[in-house]
Amino acid sequence: MEKVIVCPNCFDVDRCFEEVQEAYSSYLCFNCGYMSDSRYKVDDLDLIEKIKNSPKLVQDTKFEDKERGIVWFLSVINMGELGIIFPEGRPKKYVWKYAKVVDIPEEEQPKYNNYSQRLDVDNAETFSQYNFMGACERLGITKDLK
Numbered sequence: 008m009e010k011v012i013v014c015p016n017c018f019d020v021d022r023c024f025e026e027v028q029e030a031y032s033s034y035l036c037f038n039c040g041y042m043s044d045s046r047y048k049v050d051d052l053d054l055i056e057k058i059k060n061s062p063k064l065v066q067d068t069k070f071e072d073k074e075r076g077i078v079w080f081l082s083v084i085n086m087g088e089l090g091i092i093f094p095e096g097r098p099k100k101y102v103w104k105y106a107k108v109v110d111i112p113e114e115e116q117p118k119y120n121n122y123s124q125r126l127d128v129d130n131a132e133t134f135s136q137y138n139f140m141g142a143c144e145r146l147g148i149t150k151d152l153k
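Numbering (this note's numbering), first residue to last: 8 to 153.
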């Protein structure tokens, strides 16, 4: 079951969702791009260890949701052949980037470990800090939810 909640980060009242599962809830704000999970407990040592492998910006912008006792993070959404959404910038001033997957010309494939496709991060589209929804629409995972 999905329900709308007030985002504990940006306080948006109609674009932050809780998806209630049988054993846990997941959260995503389509305004600011923060996400969480009811299993992301504040003092969970396993979570703390996993976060060490996340980008520095994701680590530096995490915040504690005191009401739920969980930690929220900036989203990184990798949808394979559709592309990826990721944050870029500094903790107080970041943007959302959408990088699509592009074909690699056969003659250039050796430079890319012989892969035929790659993420085009050099030409990634930029969306403002509070337009995560725009990046999601561009990726194709949402349609006109404004």
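For every residue, glycine included, the Cβ atom is placed at its ideal position computed from N, Cα and C. None of the values given here were measured: they were computed from a predicted structure.
- Excluding sequence positions up to five before and after residue 119, its CB lies within less than 6 Å of the CB of 111, 125, all in the same chain and listed in chain order.
- Excluding five sequence positions before and after residue 93, the CB atoms of its chain that fall closer than 7 Å to its own CB belong to 83, 104, given in chain order.
- Annotation: the continuous alpha helix (DSSP H) that includes residue 52 extends over 52-58.
- When the five nearest sequence neighbours on each side are left out, the beta carbons in the same chain lying within less than 7 Å of the beta carbon of residue 76 are those of 48, 49, in order along the chain.
- Closest by C-alpha distance to residue 123, out of 115, 130, 129, is 115.
- Looking only at 36, 95, 72, the smallest Cα-Cα distance to residue 149 is reached by 36.
- Setting aside the 5 residues that flank it on each side, residue 107 is surrounded in the same chain by 90, 127, each with a C-beta closer than 7 Å to its C-beta; the list follows chain order.
- Residue 87 carries a helical assignment under DSSP once its states are collapsed to helix, strand and coil.
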